[in-house]
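Position one of the sequence shown corresponds to residue 43 (this note's numbering), numbered consecutively onward. For glycine and all other residues, C-beta sits at the position ideal for the given N, C-alpha and C.
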Amino acid sequence: MELKVRLCLLLLVLGLCVAPFAATHDEEDVDVDMDADVEDDAVDLGDDELLDGEPEEEEEQSTPAPPAVPTVTYKAPEPKGEHFFAESFDRGTLDGWVLSQAKKDGIDEEIAKYDGKWEVEEMKDTKLPGDKGLVLKSRAKHHAISAPLLRPFTFDTKPLIVQYEVNFQTGIDCGGAYVKLLSQSHDLNLEQFVDKTPYTIMFGPDKCGEDYKLHFIFRHRNPKTGEYEEKHAKKPETDLRTYYTDKKTHLYTLVLNPDNSFEMLIDRTVVNSGSLLSDVTPSVNPPAEIEDPDDHKPEDWDERPKIQDPDAVKPEDWDDDAPAKIPDEDAVKPEGWLDDEPEYIGDPDAVKPEDWDEDMDGEWEAPQVPNPACESAPGCGKWERPVIDNPSYKGKWKPPMIDNPNYQGVWKPRRIPNPDFFEDLHPFRMTAFNAVGLELWSMSSDIFFDNFFITSDRNVADRWAEDGWGLKKAAEGAAEPGLVTQMISAAEDRPWLWVVYVLTVAVPLVLIIVFCCTGKKKESPSAAQYKKTDEPQPDVKDDAEDEKAEEEEANDEESAEKKDDGEDSPAEVAAEEEEEADKPEEGGDKSDEKQDDEVLRRSPRSKVRARKD
């Protein structure tokens, strides 16, 4: 047992000593694997990235310097296929973009202007030097900027793919980062771009308070009236919180297909999908029937399923005025009750403050304290009988409810054919658009936009995403610290995490020690531990008793053999056999069996042999 305990303690000490080195080794392995991943990503992207760390200076000390964080050389993405719009902002200017000079209607003049600032610059904590984007710089202001497409997009037989990147560098309190695809029209003026400018599709993230949204709104034209109505896609079931709070660059993609299906993706993962015919609100097609607006409920229509029984009569002994509680007439005032003593009295030791002004503060009164005379008494003050439930109380009488014989059900107006009914089986065929714009109000600044792309080819969009967002993801992944470093950093901000770490390690170790080192030796059961039963039980004699019994048996056999050799002679044996032969036979096997038993009884040697058999 002691050896087992020592062995467990030795393993525990060795584990504690090796753990820090293993953690360090794991962290280095993670860094090496991350370097390899970045290098593989760079090769896949077809770019000539360099995965070199910062040059290390020679150190006089013998300890090696920590490994440098790998960097990725940025190369601007280039469209490789048919597209309608592509913008990476790597030229460093807003060439091709138009700032709105308009004012918003219906609000105060001071905040009506679209005077929010836009800049083309790198992210504050960029992992890709040279990668620039469009940054919303102002907070609590209206922003509007737009750019024309290379050519208008027409909804026919090809899908629409819209994608761009967003990074909330400082988080987001209340504001949006959605894009609008501005409808094609002869009077579209990008310098007058406002919130009411007609658009075909609005898509992108939006957040205010704890409401995290990913908009997909399209304007559908009523074929009968020519009016447009906004249709909102159903809310995603995925939790979107992380995309707004992790301060990473995320890729937002919208895919519309000619079969009316749609997909919304974040970081190339589908977070919402459905059909334009069934998964939008309000529905594209109105109902075929509606309730008749001119139909009115008749005055004698009875919608009451239950009514009071008109034949019911209140019982004569029913007392509506009986109280619910009455004094207990059987109660008796406890002996020693002090009726003349108040429960509280003025503190006799209290003294009026010297600065007490009766004109300002009123007449001074000592603070109330419990009456010491009541401490030994069952009570003080006026005694009152306790109240109990009134057995005669029934409450106010009401007639019982019965089924209404005149019940006609809940009235509903009759349904008639919908005069505005139409059926549009191809809502994908929306109004063509020829410009893309950002019209935003935000309480947060430094929202980073990059790599806008519009195409009808999914493969072309994927290649653009690999060359742009894929490179950012690789660079951000390479710069992320290892697991151990993240845990230490988190504990520095929240010291209570050290307790969690210690318990996470200590509890399993304690359990291992308890199970390995505190077992009891199993004792053989005694005869008293067995219950009486008809089934066979194991032999529970001690080893010493078994050995003693074997020795006694061997001694008996040996003495019997010696006696047999010394006492029985051939003449005596022959005489005994003759006597047995002279006895009359009783017949059959029974006589022979008796003779055999008699021989065995008389012969000690036979007794020993029989015992052995």
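Can you give the Cα-Cα distance for residue i and residue j, rounded to whole angstroms?
| i | j | result |
| --- | --- | --- |
| P190 | V544 | 59 Å |
| T239 | P329 | 30 Å |
| L298 | A182 | 33 Å |
| T323 | E252 | 22 Å |
| D301 | K155 | 41 Å |
| V393 | V411 | 14 Å |
| N413 | Y386 | 5 Å |
| D229 | F464 | 29 Å |
| L467 | F258 | 19 Å |
| L319 | F304 | 10 Å |
| P62 | V312 | Reliability of the predicted coordinates at P62 is poor, the pLDDT of 47 falling under 50, and the value obtained from them is presented with this limitation in mind. Each residue's alpha carbon lies about 40 Å from the other. |
| D68 | V502 | Residue placement at D68 is flagged as unreliable, the pLDDT there being 41, under the threshold of 50; the coordinate-derived value follows with that caveat. Roughly 39 Å separates the two Cα atoms. |
| S498 | C250 | 32 Å |
| L553 | D431 | 58 Å |
| H338 | E331 | 17 Å |
| P109 | G519 | Low per-residue confidence applies at P109: pLDDT is 48, beneath 50, and the placement is therefore not dependable, though the value from the model is reported in the following sentence. If I take the Cα positions, the gap works out to 16 Å. |
| T546 | C558 | 19 Å |
| K367 | D359 | 18 Å |
| K649 | E594 | Here the model assigns K649 a pLDDT of 44, short of 50, so the residue's position is not dependable and the matter cannot be decided. |
| D351 | N448 | 13 Å |
| T115 | E164 | 14 Å |
| W406 | E426 | 32 Å |
| I308 | T199 | 25 Å |
| V452 | I153 | 52 Å |
| N327 | D462 | 10 Å |
| E129 | F475 | 17 Å |
| G437 | A354 | 17 Å |
| D504 | M306 | 14 Å |
Assuming contact is defined by CB atoms lying nearer than 8 Å, are residue i and residue j in contact in what I supplied?
| i | j | result |
| --- | --- | --- |
| G213 | K289 | yes |
| P194 | Q143 | no |
| T295 | Q205 | yes |
| H125 | E207 | no |
| L178 | L513 | no |
| K169 | A517 | yes |
| G218 | D248 | yes |
| G378 | A415 | no |
| F127 | M472 | no |
| A477 | L232 | yes |
| S487 | D215 | no |
| H262 | P469 | yes |
| N209 | L256 | no |
| G479 | K222 | yes |
| P384 | C422 | yes |
| P409 | D391 | no |
| A548 | L539 | no |
| D361 | S434 | yes |
Can you tell me which residues form a DSSP beta bridge with residue i?
| i | result |
| --- | --- |
| P369 | V429 |
| M244 | K222 and I259 |
| Y206 | Y294 |
| F470 | DSSP lists no partner for F470. |
| P459 | E331 |
| N314 | M306 |
| V502 | Answer by DSSP bridge pairing: none, since V502 is not bridged. |
| C14 | This structure cannot settle anything about residue 14, because the visible part of the chain is limited to 43 through 655. |
| L657 | This structure gives no information on residue 657, because the portion of the chain shown stretches from 43 to 655. |
| Q211 | G213 |
| H338 | Note: H338 sits in no beta bridge, so no partner. |
| D492 | E207 |
| A477 | P190 and L224 |
| V162 | L176 |
| T284 | Bridge partners of T284: none, in fact. |
| H274 | I259 and T323 |
| D445 | K348 |
| L657 | Since the displayed the chain opens at 43 and closes at 655, residue 657 lies outside it and no answer follows. |
| L513 | Answer is none; L513 lacks a bridge partner. |
Under 8 Å by Cβ, that's how I've got residue i and residue j pegged, so tell me the actual separation to the nearest angstrom.
| i | j | result |
| --- | --- | --- |
| M244 | Y270 | With a Cβ gap of about 13 Å, M244 and Y270 do not count as contacting. |
| P428 | A373 | 6 Å |
| I149 | R500 | 41 Å between Cβ atoms; not a contact. |
| W506 | P121 | 6 Å |
| W439 | K356 | 5 Å |
| D370 | K424 | Not quite, the Cβ-Cβ distance comes to about 16 Å (not below 8 Å), so this is no contact. |
### Query
Counting pairs of beta carbons, one from the stretch 490 to 507 and one from the stretch 170 to 180, are three or more of them closer than 8 Å?
Contact between the stretch 490 to 507 and the stretch 170 to 180 is present, because at least three Cβ pairs lie under 8 Å.
### Task
Tell me, please, whether the stretch 343 to 361 touches the stretch 394 to 408 by the rule of three or more beta-carbon pairs shorter than 8 Å.
No, the stretch 343 to 361 does not touch the stretch 394 to 408.
### Query
Taking one C-beta from the stretch 307 to 325 and one from the stretch 268 to 276 each time, how about it: are there three or more such pairs within less than 8 Å?
yes
### Message
Using 8 Å as the cut-off, can you tell me whether the stretch 446 to 463 makes contact with the stretch 128 to 146, which would need three or more C-beta pairs spanning the two stretches below that distance?
### Response
Verdict: no, contact absent.
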